[in-house]
Amino acid sequence: MKPHVVMYSTAVCPYCTMAERLLKSKGIDDIEKIRVDLDPSIRETMMQKTGRRTVPQIYIGDTHVGGFDDLSALDRAGKLDPLLNPAG
Numbered sequence: 001m002k003p004h005v006v007m008y009s010t011a012v013c014p015y016c017t018m019a020e021r022l023l024k025s026k027g028i029d030d031i032e033k034i035r036v037d038l039d040p041s042i043r044e045t046m047m048q049k050t051g052r053r054t055v056p057q058i059y060i061g062d063t064h065v066g067g068f069d070d071l072s073a074l075d076r077a078g079k080l081d082p083l084l085n086p087a088g
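Residue numbers (our numbering): 1 to 88.
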């Protein structure tokens, strides 16, 4: 079973688009997108949870991955697939 993926994003965010493209290439079609540009309180919540103010901020299951650069680095290190396809 694929983990639940949440991505905090904005409407005009090239890194959000690249992160979504990378996740989809890994077979993740269902990404819950939370738009922080629609409500300032949502950005506040994201900042409290992640300690970061930039988007995207990505969660795979309960794991905070970070932004696109972090997601891409995990992929290059071979650590993204195990997160997306947990054994069991």
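Ideal Cβ placement from N, Cα and C applies to all residues, glycine included.
Any idea what DSSP makes of T17, helix, strand or coil? helix
Beta-ladder partner(s) of M7, from DSSP: K33, I58
In whole angstroms, give me the CA-to-CA distance for K79 and A73. 9 Å
Considering just the uninterrupted stretch of the beta strand (DSSP E) at L65, what are its terminal residues? It should be noted that the sequence gives Val, not Leu, for residue 65. Run containing V65: 63 to 66, per the beta strand (DSSP E) assignment.
Going by beta carbon distance, what residues of the same chain come within less than 7 Å of L22, once the five residues before and after it are set aside? Close CB contacts of L22 within its chain, under the 7 Å cut and outside five residues either way in sequence, are with L71, S72, D75 (chain order).
Selection from R53, L38, A19 that minimises the alpha carbon distance to V6: A19
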